[in-house]
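Right, one structure below, let's go through it.
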DNA sequence: AAGCCGGGGGC
DNA sequence: GCCCCAGGCTT
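In full-length UniProt numbering, the protein residues as written are 1 to 333.
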């Protein structure tokens with residue numbers, strides 16, 4: 001075992017928080033703790049863990065209880081499907097299977113939970129990789145762009161031969177939960193600080209959680225009236241600002257009919273938000289109403305793009321003269 | 001691959 | 001009050 005691995009285990013033995021499930025041997029109780037800890041802070045999970053096991057002390061007891069009652073005990077813990085799955089699991093099997101592969105097939109057990117139970121309850125040499133472990137390893141080796149899959153493989157390869165798999169997994173997770181924190185890691189208290197390659201810029205390494213920028217197809221409807229453009233106050237995204245009607249692209253027919261217009265496609269606008277890429281079809285039509293000068297309203301950048309695209313095209317075939325770009329001074333519409 | 005599922009804690 | 005956190009299932 002390498003020095004840093006020894007150091008981590010030594011740190012864990014000294015500093016592990018005394019949690020109710022620490023040192024637990026009963027696979028069922030380990031399972032309950034791990035399912036409760038999915039997306040749930042330790043502090044919040046503890047009272048549920050106690051109540052749950054008090055009421056359902058064994059897998060058999062859980063399986064024989066009505067689902068309603070299981071959910072009542074779970075009430076407040078959130079993610080109630082976890083309780084449904086746990087209950088279904090208890091009805092499916094008489095005893096927990098002892099291998100990672102079999103555990104992973106049970107309801108509610110994905111790669112993490114199956115590995116946690118297999119390693120802690122049955123000593124299988126399988127890495128339990130949760131968000132804590134991914135963050136710790138990404139920082140330790142300064143792996144800025146590492147995929148979850150890569151970190152999973154790394155974690156598996158780092159598990160020392162001599163360590164108890166369950167203890168090793170818990171040591172990594174405990175370090176992530178109490179020292180190698182997402183926002184403000186306590187590097188001064190970290191047993192691995194001397195060999196951590198990421199500690200100079202730890203904020204760069206929760207990065208695996210970077211969500212993919214999703215693309216969204218929207219349609220904007222530019223209605224040109226006698227005095228300007230039909231505007232509405234925006235809700236949700238860009239709330240409080242003004243703009244032309246903006247909605248999912250597939251709603252165009254319904255929206256157009258509701259407004260009594262027959263728009264034609266004028267063009268397309270792309271716009272990037274923090275975690276969205278918007279692809280906006282710009283549709284336009286002439287309109288019975290008056291409308292107003294859009295440049296006198298606070299507009300999101302997206303709406304400026306939409307209007308710059310639409311207005312010249314509409315004006316070209318219309319009778320009303322229109323600004324082709326956002327004016328700098330006061331502009332009579 | 002992306003959306004959904006609940007809560008708590010940090011700022 | 002808003003943002004962040006995150007495993008497993010579903011579509």
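No residue lacks a Cβ here, since even glycine has one placed at the ideal position from N, Cα and C.
Handout entry: Beta-bridge partners of residue 264, as assigned by DSSP
Key = 284
Handout entry: residue 2 classed as buried or exposed, judged by whether at least 16 other C-beta atoms fall within 10 angstroms
Key = exposed
Problem - Stretch-stretch touch, CB-based, cutoff 8 Å, three pairs: the segment 257-274 with the segment 171-187 - result: no
Practice task
Let me know if residue 139 comes out buried or exposed under the rule of 16 or more other beta-carbons within 10 Å of its beta-carbon.
Solution key: buried
Practice task
Helix, strand or coil for residue 208, going by three-state DSSP, please let me know.
Solution key: Note that residue 208 scores a pLDDT of 48, beneath 50, so its modelled location is shaky and nothing firm can be said.
Exercise for the section: Go ahead and label residue 326 buried or exposed: buried means 16 or more other beta carbons lie within 10 angstroms of its beta carbon, across all protein chains shown. Expected result: Reliability fails at residue 326, whose pLDDT of 38 lies under 50, so the model's placement of it is uncertain and no value is given.
Handout entry: With 16 other Cβ atoms within 10 Å as the buried cut-off, status of residue 247
Key = exposed
Practice task
Take residue 116 and list the residues in its own chain whose beta-carbon comes closer than 6 Å to its own, dropping the five residues that flank it on each side.
Solution key: 34 and 128
Problem - Contact check, residue 264 vs residue 285, beta carbons under 8 Å - result: yes
Handout entry: Chain-order list of residues whose beta-carbon lies under 8 Å from that of residue 82 (same chain, five-residue window excluded)
Key = 35, 36, 38, 74 and 108
Practice task
Go ahead and label residue 18 buried or exposed: buried means 16 or more other beta carbons lie within 10 angstroms of its beta carbon, across all protein chains shown.
Solution key: exposed
Handout entry: Through-space distance from residue 293 to residue 287, alpha-carbon basis
Key = 14 Å
Exercise for the section: Please list the segments of the alpha helix (DSSP H) lying wholly inside the UniProt domain "HhH-GPD" (36-178), counting only runs of 4 or more residues, in order along the chain. Expected result: 42-55, 59-64, 67-74, 81-92, 100-103, 111-122, 131-140, 148-158 and 165-178
Problem - Terminal residues of the alpha helix (DSSP H) in which residue 259 lies - result: 252-259
Exercise for the section: Please state if the CB of residue 165 and the CB of residue 119 are separated by a distance shorter than 8 Å. Expected result: yes
Problem - CA-to-CA distance, residue 144 to residue 114, given in whole angstroms - result: 27 Å
Exercise for the section: Kindly identify the DSSP beta-bridge partner or partners of residue 22. Expected result: Answer is none; residue 22 lacks a bridge partner.
Exercise for the section: In the DSSP assignment, find the alpha helix (DSSP H) that holds residue 181 and state where it starts and stops. Expected result: First-last for residue 181: undefined, no H or E at that position.
Handout entry: CA-to-CA distance, residue 259 to residue 151, given in whole angstroms
Key = 52 Å
Practice task
State the DSSP-derived secondary structure class of residue 200, mapped to helix, strand or coil.
Solution key: coil
Exercise for the section: Determine the extent of the beta strand (DSSP E) in which residue 246 is found, giving its start and end residues. Expected result: 246-248
Handout entry: At least three beta-carbon pairs within less than 8 Å, the segment 165-176 to the segment 93-112
Key = no
Handout entry: In DSSP terms, what residue 15 is bridged to
Key = The partner list for residue 15 (beta bridge, DSSP) is empty, contrary to what the question assumes.
Exercise for the section: Would you tell me roughly how many angstroms separate the C-alpha atoms of residue 87 and residue 126, rounded to the nearest one? Expected result: 25 Å
Practice task
With DSSP as the reference, label residue 231 as helix, strand or coil.
Solution key: coil
Practice task
Compute the Euclidean distance between the alpha carbons of residue 154 and residue 134, then round it to the nearest angstrom.
Solution key: 9 Å
Exercise for the section: Look at the Cβ atom of residue 124, then the Cβ atom of residue 99, and state whether they are nearer than 8 Å. Expected result: yes
Handout entry: Where residue 221 falls: helix, strand or coil (DSSP)
Key = strand
Exercise for the section: Confirm, please, whether the CB-CB distance from residue 231 to residue 266 is below 8 Å. Expected result: no
Practice task
Please name the residue, chosen from 105, 280 and 226, that lies closest to residue 218 on a Cα-to-Cα basis.
Solution key: 280
Handout entry: Reference residue 6; option with closest CA among 69, 52, 47 and 162
Key = 162
Practice task
Report the three-state DSSP secondary structure of residue 290 (helix, strand or coil).
Solution key: coil
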